[in-house]
Amino acid sequence: MEKLVAVVSAASSVSSAAYVPVIKPVAEDIGAAITLITYGAVVAAVGLGVNLLHKEWVRNPLTIEPLDIPPDLAATGLNGNVLSQQLYDALIDLQRSLRPDDGQSDTSFVELPRLQLDLQLPGTSWSVRGAIRYFKHLIGRPERRLMGEVCRVGKSYKIRIRNASGASIDVPVRFHSPADVTDALRSTAECALSLIAPLDAAAIFMSLEDPSQGHPRTLENLQAHLASAATDTHQDAYVMWASVLRKLGDESGMQAKLDLARATPSIRGISRQEGRLGVRYLNFMGSLHRERRDFVQAEQCFSLALTVAPRSISAVSNLGLLHFDRGNLAVAKQWFERAVKEDDRSSRGHRGLGLIAQAEGDLRAATAYFTRAIDLAPRAPWPRLNLCEALRFMGNLAAAEYQLDALQHLDPMFSRQYRTRSRILQDRGQLTLAIKSAQQAIALDARDPWAWHDRAQIALIQGDVAEALASSGQVIQLRPELPEGYRSYAWALQQSGDMDAAIAMIERGLKLADDMWMSFDHAEMLYFRGGPAKALAILEKASRRWPERVDVWRRLAKWHRFHGHPQDVEACLWRAVQASPRDVHSWCDLGEMQRKVGQRDNALQSLARAQDTWSNPARPLCLQAQLHFDRFEYREAEKSLREAVVLQPEHIGSRLELVGLLAKQERYEEASQLCDVEGIEGTQAATLLRRSAWLLYDRSDSVGARRKMDEATAVAPHVLDSWLDLSRLCRMTWDLSEARRTSELAVLRWPGVPDAWVVLGEACASNNDLAGTHSAFDRALTLAPDAGWIAGVYVTALRRYGDEALRTAEALLHRCPSSLDVRLRAADLLVDRLRHSEALQLLDEAAAASTGLDDRALLRKAEVLLELGDQGSGIRTAQSVLARRPNSIRAIRILAQCYKAKGEGDLAEEQLRAALARDPFDVDARLDLAKWMPKAQAKEVLEEGLQQNPHSIRLRRELLKICMEEQDMQSARIQLDELLAMRPTDVDDLLQWSEDVRRLEFPDAAYEASRAMTLALERQPTSARVWLRQSQLSEIAGDLERALIEARRALDLALQPLIPSIVLKVANQLIRLDSTDTVMQLVDQIMNEQPKGDPWLLGDAASVYAEAGLWDRCVSCLRTAIELRPGQIWLRKRLHHALRATQAIS
1 MEKLVAVVSA ASSVSSAAYV PVIKPVAEDI GAAITLITYG AVVAAVGLGV NLLHKEWVRN
61 PLTIEPLDIP PDLAATGLNG NVLSQQLYDA LIDLQRSLRP DDGQSDTSFV ELPRLQLDLQ
121 LPGTSWSVRG AIRYFKHLIG RPERRLMGEV CRVGKSYKIR IRNASGASID VPVRFHSPAD
181 VTDALRSTAE CALSLIAPLD AAAIFMSLED PSQGHPRTLE NLQAHLASAA TDTHQDAYVM
241 WASVLRKLGD ESGMQAKLDL ARATPSIRGI SRQEGRLGVR YLNFMGSLHR ERRDFVQAEQ
301 CFSLALTVAP RSISAVSNLG LLHFDRGNLA VAKQWFERAV KEDDRSSRGH RGLGLIAQAE
361 GDLRAATAYF TRAIDLAPRA PWPRLNLCEA LRFMGNLAAA EYQLDALQHL DPMFSRQYRT
421 RSRILQDRGQ LTLAIKSAQQ AIALDARDPW AWHDRAQIAL IQGDVAEALA SSGQVIQLRP
481 ELPEGYRSYA WALQQSGDMD AAIAMIERGL KLADDMWMSF DHAEMLYFRG GPAKALAILE
541 KASRRWPERV DVWRRLAKWH RFHGHPQDVE ACLWRAVQAS PRDVHSWCDL GEMQRKVGQR
601 DNALQSLARA QDTWSNPARP LCLQAQLHFD RFEYREAEKS LREAVVLQPE HIGSRLELVG
661 LLAKQERYEE ASQLCDVEGI EGTQAATLLR RSAWLLYDRS DSVGARRKMD EATAVAPHVL
721 DSWLDLSRLC RMTWDLSEAR RTSELAVLRW PGVPDAWVVL GEACASNNDL AGTHSAFDRA
781 LTLAPDAGWI AGVYVTALRR YGDEALRTAE ALLHRCPSSL DVRLRAADLL VDRLRHSEAL
841 QLLDEAAAAS TGLDDRALLR KAEVLLELGD QGSGIRTAQS VLARRPNSIR AIRILAQCYK
901 AKGEGDLAEE QLRAALARDP FDVDARLDLA KWMPKAQAKE VLEEGLQQNP HSIRLRRELL
961 KICMEEQDMQ SARIQLDELL AMRPTDVDDL LQWSEDVRRL EFPDAAYEAS RAMTLALERQ
1021 PTSARVWLRQ SQLSEIAGDL ERALIEARRA LDLALQPLIP SIVLKVANQL IRLDSTDTVM
1081 QLVDQIMNEQ PKGDPWLLGD AASVYAEAGL WDRCVSCLRT AIELRPGQIW LRKRLHHALR
1141 ATQAIS
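For reference, each letter of the sequence shown is one residue, going 1 to 1146 in the working numbering.
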């Protein structure tokens, strides 16, 4: 046992001895580390304490001591401590009003001194600051002290303020109520600063005073500071004086003060030949160079300012703004982040980050940054103004106006807010109020070039070229280096029709400034001038110069979209969303392109990313509606559009899309309600009124449509589209002289806009002015050589002129070789003349030139092949369209027609039912299906369609026709009553009813026809068609005298305005009623005035000549018509009949 214990003891001693060499060094290292950390902490604490003591020692605060008060005032509860606290608070409030944004605003360029305040009250506990103040007093270092007393003067009081040297000033005050204390101490604070710290007082007064008054108190305090303060503080005073003179527009005086500032050394600054330059001088000069777009000099000044004061928030934020102006967003963001890092309560830093986020399209983040900047500086005008702009870009105009109202309450003399309000009013279409706001901004600061620029923009919208040129010239005069002046001046020249001068002006501006937006304008003008390759080169150069700017890629995508390059468009838009992942417009543009090329899943992903931005909610919702519309999900599309209208009522595009959807379903009442302009003004009201006019025209209410269109022109006479739509409506309602007059007024006011010349050309063609037509369209193509759609409209307008249209189309094929529209119109002309091989060749060229986004050429080719009887080729062509567009209803209908012509009725019906399964609201497919079926089945198909869409006029008319043919008078009456209720001003159904009851020999046919005509005359008492039909019914009834009177009434109405086809039909009726000579003179006059290119008009004239027995003229008219339409069998039959009549007479 003893041996065992000995062994265990030995083992224990050995193991402990083995561990001692290991544990001891570790323990010693830990102790040394603890000792080192302790010494380091002591040194750091001492260093921090020394730093704090140094900061307190170098401070030169204004110490406010308690005010002495009289006993009667003390009895009210006021005492010296309370008044001194109120005075301290008043000085702090003045400081905040002076320094709303870490210093004066960007346009002031000067970083003002920061007022340091201390409040010394009796009975306060010991503090380091108090000890330092005591030692300063012992060594005789002067301090700034603010003392005073309240003195009674009769029944009122005055506060006598004194400084340490004994100088005093009296401020009359009153203390009738507690509310008087705040106002009294505010006045006392302003006077105290003038006494104690003139430079601080000058800074405050410069912020408070109106420039129109000349800043008298500011200059007075600056002079006092220069007379009393040390010389090494004069530089800041001279810089502030220069800032005042700049605001007053005295450039020479400003430069003189800057020279004095440069010659005066600063306490702390960079050595130069004249003296030491301080941070405020350097920041001012850098901002001056930045305004003049001398970015190199500006960067040097700001960098020197940082050398003087490495923690200067002004210098850091100025460098951020400098790089922001140069388009270097990444570098600018680094500087603003540094500003926030230096001081997380820096309003300027957060505002700068908001500007970067807004430029990158992340409006949600931008509003967050601007809101934070406002929280840090509630009285700051610029962050609130930037928030207004961000909300405006988000489409939330109501919230933007709310912020503007708050800003106006804070500072009604801040001129920039009126510029932003002017832009919001422009977005609302209220241009009259926008002009007033822009003029108010100019009145407050006539030297603000941006206010003049906004005035020029409004003038351009109004078509006031002279005012636009004058305002743009003012911008150039005030700031010759500002690109916006050259841009607005160039667009004014372009609108006046002088494109060469406009391009020269843009190129002049580009020599002065490398500006992205000016490059865009240069490319667009060259594109209009017929240089698409040059425009593309400029845009590609811009994409290399500013690859991080989303606007560059969107503009480049727009160019490729115009030229039908879907792959390039998608590539550019992907670069756009990479440059700005939070830009809603880029994601929506990408989604729309993906939708057009059939990438629905990708489009849905882009839609989701757009909705995640929480910006402009109407835009993603409109894209969502389009995606539903592609699948014929009309209810879902309508739901999305209605949501867009509710969420963003200012977005007029979503409202118009909803109106278009309802109009497609023939829900005109609901569509008209959406066009109500109550509470809407300006251009938006005019847009809705024009849309309402076209809705009324679609419902055959020409009078109501004209009234709405006139109202739109009166509401917004400055809107070109109002005049163009009015001219089109006048032309379509046969008020041809008014159509021409209106279009001439539009051209006179907007001579540089191609659309105005196009409408004038159409009006000239309708007025039988061939030379005027050529002149107007030639001018339009000169202004926009690459606009192929103009060439297409040109050919269409000349179609009434027969061979002239074909000759013009052939010339345009050489003038506009890339125009798809002119090829399609030329092919139509060739098909009319049975020149099918040439037409097919043109359509093949058009199909080869068109891209995957345009199937018109292939669809028209399939129709031509169907007319030729080549059903196999037509089927293959239609199937090639369906391979790219599986939901193309038109292609399915052509395919079904080909199968039907081929004798495969089952396949034709299957195709049409497949089309209706995709789109139950498609009327054309349903009518085709009903046309190929027996009446009973056709009736079921039509009734099924009316269940889907009870508002369809065409389906109900077809159903009425079947009921009439089946002699189902009761059902026919029901359908007629429904049609009359749906179209309360239309007479077409009544005229057709009066004809059908006679033709089908219904019981009481005469009564039914007479009743229908009575109602028609009530609806349209001035319709020549109604009176003509009434005359025909009177003739059938045997009352020839009454029929003659009614025919003459119809003729009078058809002549005012002149409707040639109606005049010829009335003339035919009058000849039958034995009134030949006068009528024939009128017919000859009309036919001599009208171009010989309308086969239908020639057919009507042939009927008149046949009725009058003038068979030679009849044959001549029919032969001319057959030359224009050789494939029309009915014309050949009538010609055969006329020739037989001629032979019989001979």
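Idealized CB from N, CA, C, for every residue including glycine.
**Report entry** Spatial neighbours of residue 449 in its chain, beta-carbon cut-off 7 Å, leaving aside the 5 residues before and after
**Finding:** Taking residue 449 as the centre and dropping the five residues before and after it, the same chain places the C-beta of 475, 478, 479, 482 and 485 closer than 7 Å to its C-beta, in chain order.
Query raised in the report: Whose CA, out of 446, 371 and 184, lies closest to the CA of residue 156?
Result: Closest option to residue 156, Cα to Cα, is 184.
Query raised in the report: What's the gap between the Cα of residue 744 and the Cα of residue 863?
Result: Computed Cα separation, rounded: 38 Å.
Query - Beta-carbon proximity check, residue 242 vs residue 253, cutoff 9 Å - result: Contact: yes.
Query raised in the report: Should residue 1129 be labelled buried (16 or more other beta-carbon atoms within 10 Å of its own) or exposed?
Result: Classification for residue 1129: exposed.
Query raised in the report: If you count every other CB in all the chains shown that lies within 10 Å of the CB of residue 1086, and 16 or more means buried, which is it?
Result: By the 10 Å Cβ count, residue 1086 comes out buried.
Query raised in the report: Just reading off the alpha helix (DSSP H) that residue 1122 is part of, what are its end residues?
Result: Looking at the DSSP string, the run of the alpha helix (DSSP H) that includes residue 1122 is 1111-1124.
Query raised in the report: Should residue 1037 be labelled buried (16 or more other beta-carbon atoms within 10 Å of its own) or exposed?
Result: It is exposed - the Cβ of residue 1037 has fewer than 16 other Cβ atoms within 10 Å.
Query raised in the report: Secondary structure at residue 272, three-state DSSP: helix, strand or coil?
Result: A caution first: residue 272 carries a pLDDT of 47, below 50, which makes its placement in the model too unreliable to give a value.
Query raised in the report: Given 8 Å as the limit, is there contact between the segment 818-829 and the segment 778-793, that is, 3 or more CB pairs closer than that?
Result: Three or more beta-carbon pairs drawn from the segment 818-829 and the segment 778-793 are found closer than 8 Å, and the two stretches are therefore classed as touching.
Report task. Go to residue 151, then tell me how far its beta strand (DSSP E) extends in each direction, as first and last residue. Result -> Taken as a continuous stretch (DSSP letters only), the beta strand (DSSP E) holding residue 151 covers 144-153.
Query raised in the report: First and last residue of the beta strand (DSSP E) that includes residue 325?
Result: Bounds of any beta strand (DSSP E) do not take in residue 325; it lies within the alpha helix (DSSP H) bounded by 313-325.
Report task. Determine, using beta-carbon pairs with one atom in the segment 708-720 and one in the segment 1028-1042, whether at least three such pairs fall under 8 Å. Result -> No, because fewer than three Cβ pairs between the segment 708-720 and the segment 1028-1042 fall closer than 8 Å, the two stretches do not touch.
Query raised in the report: What are the boundary residues of the beta strand (DSSP E) that includes residue 172?
Result: Going by DSSP, residue 172 is part of the beta strand (DSSP E) stretching over 168-173.
Report task. Starting from the C-beta of residue 399, find all residues in its chain whose C-beta is less than 6 Å away, skip the five residues before and the five after it, and write them out in chain order. Result -> Contacts found: 391.
Query raised in the report: The alpha helix (DSSP H) spanning residue 1062 covers which residue range?
Result: Taken as a continuous stretch (DSSP letters only), the alpha helix (DSSP H) holding residue 1062 covers 1060-1072.
Requested in this report: Using three-state DSSP, classify residue 99 as helix, strand or coil.
Outcome: Confidence at residue 99 is low in this model, with a pLDDT of 49, below 50, so its placement is unreliable and the value that follows should be read with caution. Coil, per DSSP.
Requested in this report: May I ask you to report which of helix, strand or coil DSSP gives residue 835?
Outcome: Secondary structure of residue 835 (DSSP, three-state): coil.
Report task. Sort out for me which residues DSSP pairs residue 998 with in a bridge. Result -> DSSP, once it has assigned bridges, lists no residue as partnering residue 998.
Requested in this report: Would you mind sorting residue 781 into buried or exposed? The rule is 16 or more other CB atoms within 10 Å of its CB.
Outcome: Answer is buried; the Cβ neighbour count reaches 16.
Query - For residue 738, the nearest candidate out of 749, 725 and 750 (CA to CA) - result: Measuring from the Cα of residue 738, the nearest candidate turns out to be 725.
Query raised in the report: If you follow the beta strand (DSSP E) that residue 62 is part of, which residue opens it and which one closes it?
Result: 62-64 is the extent of the beta strand (DSSP E) around residue 62.
Query raised in the report: Anyone know if the C-beta pair for residue 451 and residue 467 falls short of 9 Å?
Result: Cβ distance not < 9 Å, so residue 451 and residue 467 don't count as in contact.
Query raised in the report: Which of the three DSSP states, helix, strand or coil, is assigned to residue 1135?
Result: Looking at residue 1135 - three-state DSSP - the assignment turns out to be helix.
Query raised in the report: DSSP puts residue 158 in a beta bridge; with which residues?
Result: Its beta-bridge partners are 151 and 172.
Requested in this report: Please confirm whether residue 309 and residue 321 have their CB atoms less than 9 Å apart.
Outcome: Between residue 309 and residue 321, the C-beta spacing is not below 9 Å.
Query raised in the report: Assuming residue 698 contacts residue 663 under a Cβ cut-off of 8 Å, what Cβ separation, rounded to an integer in Å, is found between them?
Result: Contact holds; Cβ gap of about 7 Å.
Query raised in the report: Are the CB atoms of residue 658 and residue 635 nearer to each other than 9 Å?
Result: Taking 9 Å as the Cβ cut-off, residue 658 and residue 635 do not qualify as a contacting pair.
Query raised in the report: Tell me which same chain residues have a C-beta within less than 6 Å of the C-beta of residue 898, skipping the five on either side of it?
Result: Taken in chain order, the residues that qualify are 866, 871, 874 and 875.
Report task. Tell me whether residue 277 sits in a helix, a strand or coil according to DSSP, three-state version. Result -> Taken through DSSP and simplified to helix, strand or coil, residue 277 comes out as strand.
Query raised in the report: Apart from the five residues just before and just after residue 589, which ones in its own chain have a Cβ nearer than 6 Å to its Cβ?
Result: For residue 589, where only same-chain residues beyond five positions count, the Cβ hits under 6 Å are 573.
Query raised in the report: Starting from residue 259 and walking both ways along the alpha helix (DSSP H), at which residues does that stretch end?
Result: For residue 259, the enclosing alpha helix (DSSP H) covers residues 251-263.
Report task. Kindly identify the DSSP beta-bridge partner or partners of residue 1055. Result -> Beta-bridge pairing links residue 1055 to 1058.
Requested in this report: Identify every run of the beta strand (DSSP E) within the segment 578-643, keeping only runs that are complete inside it and at least 3 residues long; order them along the chain.
Outcome: Listed in chain order, the beta strand (DSSP E) elements of length 3 or more contained wholly in the segment 578-643 amount to none.
Query raised in the report: residue 68 by DSSP, collapsed to three states: which one?
Result: Taken through DSSP and simplified to helix, strand or coil, residue 68 comes out as strand.
Query - Status (buried if at least 16 other CB within 10 Å, exposed otherwise) for residue 153 - result: Exposed, by the Cβ-count rule.
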